[in-house]
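Chains as they are written, first to last, in the working numbering: chain D, 932 to 1554; chain W, 3 to 173.
Inspection log for the structure reproduced underneath, given as structure tokens.
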Amino acid sequence: MGRAVGIDLGTTNSVVAFMEGGQPTIIPNAEGDRTTPSVVAFTKDGERLVGQLARRQSVMNPKSTVSSAKRFVGRRFAEVGDERDTVSYDVIAGPDDAVRIQIGDKSLAPEEISAQVLRKLVDDASKFIGEKVTEAVITVPAYFNDAQRQATKDAGKIAGVDVLRIINEPTAAALAYGMDKTESETILVFDLGGGTFDVSLLDVGDGVIEVRATAGDTHLGGDDFDRRVVDWLADDFKNNYGIDLRGDPQALQRLYEAGEKAKTDLSTVTQTKISLPFVTADASGPKHLEATLTRAEFDKKTHDLVERCKGPIEQVMADAKLTANDIDEVILVGGSSRIPAVQALVRRLTGGNEPNMTVNPDEVVAAGAAIQAAVLKGDVKDVLLLDVAPLSVGLETMGSVMTKLIERNTTIPARRSETFTTAVDDQPAVEVVVLQGEREAAADNRVLGRFHLEGIRPAPRGEPQIEVTFDIDANGILNVSAKDSGSGATQQITISESTNLDQSDIDRMVSDAESNRADDVRLRELIDARNELDGAGYQIERRLGELGDDAAAHDRARAELLIVEARQLVEDRSEDLAKIKSTTSELQQIAHGLTAEPATVGAPPGSQDHPGDHVIDADFTTD
Amino acid sequence: MTSDPAETEMLADDSNDAEGGTSNADVAVQLAHAEDQWRRTAADLDNLQKRFRREVERGRVDERERILSLWIQSIDDLGRSLDHAGTGGDAMGDGIRSIVDRAVSVFASLGYERFGGVGDQFDPSIHEVISTVPATEAVPVNQIVAVVTPGYGTAEHLLRAASVVVAVEGS
């Protein structure tokens, strides 16, 4: 069984997507690009090129390089008079007034060209997914008539793809935003692509999306904006130096690249610099192009283009007998919808609606088509609703801090274990205090429950290994257990209310943690440092006890002094982090000296590595 | 006790279970469903791990290419300046030439060798035509007659196609 994809078969570019892990994913083509030019070329050697490769050779092979085939798909030859003049290849009349494209001595139907693009998208998708793609949902403009839809379907058939359904581009965009799930809404989809402009009004209700009206301009798009910038740059340069850069293919290519980049930049910044050093040369030497374009200036130069978007928006509202106030949502589609002046116009004409554009406007249609494909295949039917832990849970450890075992937003069911140990010698029992919250200090969090684990075999602190396991099941019920590996003693508690918090409580606890983060981090650092100092002092003390008189007298004196100092710092809950750290490191240095000295003593040095290097000292208070 | 609604409900459930046959079959169906769900989830997890390994690698390559692409134009511009800087003995030109060489070797060390030679055959997987000239006996069809900007990379990992002028048939 093959996979199903969603395809946005565009006039200038096409995009393919599939559902992965419940989310639409855009599939990069074999060249690594997320969009594929809808261009097909037939070379003199009989080779067929699709996409970027076809575009790269179009200059040397204009008669056999077909772009914008979508403008001819499913149409009568008599209808396409104007379009014929805009393309470099020959468009002729076929049988029954059908449109045919003349390539050498062959005549091809436009759907055969579209099929080549579909074939490449599907082949590249198969390679990316690692599974054969056999089915697709393909999008078409809302204004496409039956013949154009049928021809698009035929293109799929020619490409060997089973077309699950043909859906409207604006409908796909609404699906990508999950708007099919809304009760009853009116959505305006504004789609300004590379070379075409479409506006649609959709009615959504009960899972059905209906196109109420559609309008547009088949020759308006981002390319027009680029050309304005290029012309401005070239005119300016001609005025200054008397050289027209448009006559030099190399300079023209650089101008277009710079123009497009300036346009893109001005969507995020209000001023951009264009510099093309050594753009040309004359007898007097090399010439550089340097210019600054402000957004205000760009808006002025493209004002009429933006204004051309106005008519179709007003048209769809008039056709649907609606006013701006009736529009609930606005979706932006197409790269040029990123232009601020365009967005301002849309906002103004739709009653100040903040447009949706969180999904990449170049990819939103393909994403929606992929969602539709998954729904038709039943892939999304059995999705398990996954819950997350609303707040972190953990336990109180040495120094009264919270050690988190399961972090907030972990998908549940989840299970985490960690090994802890005792804080004092011969500690017979530990108390497990189960906490919930985001703060570092245990007291700042919520206590969910507590229990004692008793019967721990007498042992120096740090030696017992107590495994604590937190388990949240699918219903949010938290089960905490503790097991002493030495005695085998276990104890556990079940807390069912761990997720029964109001959303407002959760939000408050999370925001408390945010606002106290800096203080909490400092507190945590201090407590960790004190714990480390306490542990280091304890290790030296034990070591001194074991060595007895074998310890060099001056080392012993120094060590004892440091131990007293360390104990004082811990007992006073000192907040002098630098002092705590320096004392700890002095103790650690002494420790090295002490272990190196005695060669004659029975205990092998290895046994001194306290087992707690991989365990966390927990403040399991004694009873 | 019996007045406790929860208890009553429990009893009712028990009696349902006692009916046997159908409810066992229900359980079997549920179990099969649960097993199916579990296998799907385990498979999803496995696929997710594979996918993330792939995506981390792809993300790394994409970011490297994105950053290198931002620098290409500066190197192009330096290269263009050399067209105006004498062919040798000119200290300034020689200095810039060595800067360009170093930059190009950085690209090469990252796997994006500079390419584009006059006389090569045109290949759309690495070359972009920006203009054409008529072919002659000396310069056959499809041959590159000028490299306007060099390309970087290989057909498999192309950072940028070389912009070229190609000889074509006729005028």
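Glycine included, each C-beta is placed from N, C-alpha and C at the ideal position.
Keep in mind it's a predicted model, so treat the numbers as computed, not measured.
Whole angstroms are fine: how far does the CA of residue j sit from the CA of residue i?
{"i": "threonine 1065/D", "j": "methionine 1440/D", "result": "49 Å"}
{"i": "tyrosine 1020/D", "j": "arginine 986/D", "result": "14 Å"}
{"i": "glutamate 1517/D", "j": "aspartate 1450/D", "result": "27 Å"}
{"i": "glutamine 145/W", "j": "histidine 129/W", "result": "11 Å"}
{"i": "aspartate 1481/D", "j": "alanine 1354/D", "result": "28 Å"}
{"i": "arginine 1159/D", "j": "threonine 1199/D", "result": "19 Å"}
{"i": "threonine 138/W", "j": "phenylalanine 124/W", "result": "16 Å"}
{"i": "threonine 1127/D", "j": "arginine 1239/D", "result": "12 Å"}
{"i": "isoleucine 1174/D", "j": "leucine 1164/D", "result": "12 Å"}
{"i": "arginine 1002/D", "j": "isoleucine 1337/D", "result": "56 Å"}
{"i": "glutamate 1491/D", "j": "glutamate 1472/D", "result": "8 Å"}
{"i": "asparagine 944/D", "j": "serine 989/D", "result": "15 Å"}
In or out: residue i buried (at least 16 other Cβ within 10 Å) or exposed?
{"i": "aspartate 1313/D", "result": "The pLDDT assigned to aspartate 1313/D is 44, lower than 50, so where the model puts this residue is not dependable, and the model offers no usable value."}
{"i": "arginine 104/W", "result": "exposed"}
{"i": "methionine 94/W", "result": "exposed"}
{"i": "aspartate 1155/D", "result": "buried"}
{"i": "proline 126/W", "result": "buried"}
{"i": "glycine 1256/D", "result": "Checking the sequence shown, residue 1256/D turns out to be asparagine, not glycine. Result: exposed."}
{"i": "valine 947/D", "result": "buried"}
{"i": "serine 1442/D", "result": "exposed"}
{"i": "aspartate 1293/D", "result": "buried"}
{"i": "glutamine 1303/D", "result": "buried"}
{"i": "glutamine 1367/D", "result": "buried"}
Counting only beta-carbon separations shorter than 8 Å, does residue i have a partner in chain D?
{"i": "leucine 70/W", "result": "no"}
{"i": "isoleucine 132/W", "result": "yes"}
{"i": "arginine 82/W", "result": "yes"}
{"i": "arginine 41/W", "result": "no"}
{"i": "alanine 163/W", "result": "yes"}
{"i": "valine 31/W", "result": "no"}
{"i": "serine 100/W", "result": "no"}
{"i": "leucine 112/W", "result": "no"}
{"i": "proline 126/W", "result": "yes"}
{"i": "valine 147/W", "result": "no"}
{"i": "arginine 55/W", "result": "no"}
Examine chain W for any beta-carbon lying closer than 8 Å to the beta-carbon of residue i, and answer yes or no.
{"i": "methionine 991/D", "result": "yes"}
{"i": "arginine 987/D", "result": "yes"}
{"i": "alanine 1488/D", "result": "no"}
{"i": "glycine 982/D", "result": "no"}
{"i": "glutamate 1062/D", "result": "no"}
{"i": "alanine 1460/D", "result": "no"}
{"i": "alanine 1483/D", "result": "no"}
{"i": "glutamate 951/D", "result": "yes"}
{"i": "aspartate 1313/D", "result": "Because aspartate 1313/D carries a pLDDT of 44, less than 50, the predicted location of this residue cannot be relied on, and no value is offered for it."}
{"i": "glutamate 962/D", "result": "yes"}
{"i": "alanine 1212/D", "result": "yes"}
Could you check whether the Cβ of residue i sits closer than 7 Å to any heavy atom belonging to the ligand MG?
{"i": "arginine 934/D", "result": "The model on display carries no ligand, and the ligand MG is accordingly not part of it."}
Here's a check: name, in chain order, each residue in its chain whose Cβ is nearer than 7 Å to the Cβ of residue i, leaving out the five neighbours to either side.
{"i": "threonine 1514/D", "result": "Leu1464, Leu1493, Glu1496, Ala1497, Leu1500"}
{"i": "aspartate 1437/D", "result": "A small fix is needed here, since residue 1437/D is isoleucine in this sequence, not aspartate. Here the set comprises Pro1321, Leu1322."}
{"i": "glutamate 67/W", "result": "Leu161"}
{"i": "glycine 1524/D", "result": "Asp1486"}
Give every residue of the same chain whose Cβ lies closer than 8 Å to the Cβ of residue i, excluding the five residues on either side of it in the sequence, and list them in chain order.
{"i": "arginine 1080/D", "result": "Gly1005, Val1071, Ile1097"}
{"i": "leucine 70/W", "result": "Phe109, Leu112, Tyr114, Tyr154, Leu161"}
Looking at the secondary structure, which residues open and close the alpha helix (DSSP H) in which residue i lies?
{"i": "isoleucine 1098/D", "result": "Here isoleucine 1098/D belongs to no alpha helix (DSSP H); instead the beta strand (DSSP E) covers 1093-1099."}
{"i": "phenylalanine 109/W", "result": "93-111"}
{"i": "glutamine 1499/D", "result": "1484-1502"}
{"i": "phenylalanine 1156/D", "result": "1153-1172"}
{"i": "histidine 1234/D", "result": "1234-1238"}
{"i": "phenylalanine 1059/D", "result": "1041-1060"}
Using C-beta distances below 6 Å, list every residue in its chain close to residue i, excluding the 5 sequence neighbours before and after it, in chain order.
{"i": "arginine 1388/D", "result": "Gly1417, Ser1418"}
{"i": "arginine 1226/D", "result": "Leu1197, Thr1201"}
{"i": "leucine 1039/D", "result": "Ile1032"}
{"i": "valine 1411/D", "result": "Val1365, Phe1401, Ile1424"}
{"i": "alanine 1146/D", "result": "Val1130, Pro1243, Gln1246, Val1247"}
{"i": "valine 1532/D", "result": "For valine 1532/D, the pLDDT reaches just 36, beneath the cut-off of 50, and the residue's location in the model is therefore unreliable, leaving the point undetermined."}
{"i": "glycine 1125/D", "result": "Thr943, Gly1152, Gly1153, Asp1154"}
{"i": "leucine 1315/D", "result": "Only weak support is given to the placement of leucine 1315/D: the predicted model assigns it a pLDDT of 49, under 50, and the question is left unresolved by the model."}
The beta strand (DSSP E) with residue i in it runs from where to where?
{"i": "aspartate 1415/D", "result": "1409-1415"}
{"i": "arginine 979/D", "result": "979-981"}
{"i": "leucine 1263/D", "result": "1260-1264"}
{"i": "alanine 169/W", "result": "164-170"}
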